[in-house]
Amino acid sequence: MSVSVARVPTGSASRYLQQLAKHWSHKMAVSFTAEEGSIAFPNGSLLAMKADSDSLDLVLTVPEGEDEARMREVVASHLDRFAFREAPLTFDWRAG
Numbered sequence: 008m009s010v011s012v013a014r015v016p017t018g019s020a021s022r023y024l025q026q027l028a029k030h031w032s033h034k035m036a037v038s039f040t041a042e043e044g045s046i047a048f049p050n051g052s053l054l055a056m057k058a059d060s061d062s063l064d065l066v067l068t069v070p071e072g073e074d075e076a077r078m079r080e081v082v083a084s085h086l087d088r089f090a091f092r093e094a095p096l097t098f099d100w101r102a103g
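Everything in the sequence shown is counted per our numbering, starting at 8 for the first residue and increasing by one.
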């Protein structure tokens with residue numbers, strides 16, 4: 008497993024967390040509140056999210072053999088779509 012973490016600066020973290028969770032809830036296992044959420048992808052990856060007043064914290068766990076860079080891009084591109092007023096968001100991905 009590889010773990011990537013990112014702190015995304017935004018004043019709309021809770022809104023983006025909920026939009027992303029709702030967007031993927033029809034085809035993935037999703038649980039969320041206004042402050043925290045998790046999304047289990049079919050390839051075994053897991054995205055954990057935590058929102059506060061000025062940032063959205065992301066922890067992306069990707070199984071061995073899966074493309075970590077691609078999963079980071081999938082998450083970032085979807086969040087940028089919801090954040091179109093302030094996109095592109097800053098994703099400072101690093102090993103977790």
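Backbone N, C-alpha and C define an ideal beta-carbon position, used for all residues, glycine too.
The model shown is predicted, which means the values in this text are computed figures rather than measured ones.
Query raised in the report: So, are the CB atoms of Asn50 and Glu80 less than 8 Å apart?
Result: No, the Cβ-Cβ distance between Asn50 and Glu80 is not below 8 Å.
Query raised in the report: Comparing alpha-carbon positions, which option in Val82, Trp31 and Arg88 lies nearest Ser11?
Result: Checking every option, the nearest Cα to that of Ser11 belongs to Val82.
Report task. Check the C-beta distance from Thr40 over to Ala90 and give it rounded, since I have them as a contact under 8 Å. Result -> Contact flag wrong, Cβ pair sits at about 20 Å.
Requested in this report: Just list the alpha helix (DSSP H) runs in the stretch 50 to 98, keeping only unbroken ones of 4 residues or longer that don't cross its boundaries, in chain order.
Outcome: 75 to 89, all fully within the stretch 50 to 98.
Report task. Below 8 Å on the Cβ atoms is my guess for His85 versus His30; work out the distance and round it to an integer in Å. Result -> That belief holds up - the Cβ atoms of His85 and His30 are roughly 7 Å apart, short of 8 Å.
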